[in-house]
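Step one of this worksheet: look at the structure below.
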Amino acid sequence: MPNGHVENLYDLPAVQGHAVHDLVKEVAVAIRSTYGCDGTSVRQHNEPAGNQDAWHHHVHVFPRYAGDNLYGSRPYPEFVSEAERLPYAERLRAYFS
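Heads up: the sequence shown begins at -17 in the numbering used here, then just goes up one per residue.
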């Protein structure tokens, strides 16, 4: 996996982009397998107008469920606590070990 600083997709060398997306695929398969979700979504943001707020290239991979209305208008719930997130992280760690 590339570990040098790359600010956004525009600066990402192709060979590193392939490595990143190979890992994105592995993570998406792991999420689908361990969480029993209906699908996954992948997001990556570039520049302020593209909602980039962390100044390094990174990709978000998250589970999707039928009817989850992710992109619909709704108030966002409070952030989930670390204790509530821990079982999900442990399941992914177990998948990759």
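All C-beta atoms in this analysis are idealised placements derived from N, C-alpha and C, irrespective of residue type, glycine included. What you are looking at is a predicted structure, and each value in this text was computed from that prediction instead of being measured.
Tell me which same chain residues have a C-beta within less than 7 Å of the C-beta of residue i, skipping the five on either side of it?
i	result
Thr16	Arg73, Leu74, Tyr77
Ala81	Given a span of -17 to 79 for the chain in the structure shown, any question on residue 81 remains unanswerable.
Please report the distance separating the alpha-carbon of residue i from that of residue j.
i	j	result
Asn51	Ala1	31 Å
Thr22	Leu5	14 Å
His40	Ser79	23 Å
Pick from the options: whose alpha carbon is nearest that of residue i?
i	options	result
Leu(-6)	Asp35, Glu8, Gly21, His27	His27
Val62	Ala71, Ile13, His39	Ala71
Glu29	Tyr(-8), Ala65, Gly54, Tyr53	Tyr(-8)
Using a threshold of 8 Å, state whether the C-beta atoms of residue i and residue j are closer than that.
i	j	result
Asn(-10)	Gln34	yes
Val(-3)	Val43	no
Pro45	Ile13	yes
His38	His(-13)	yes
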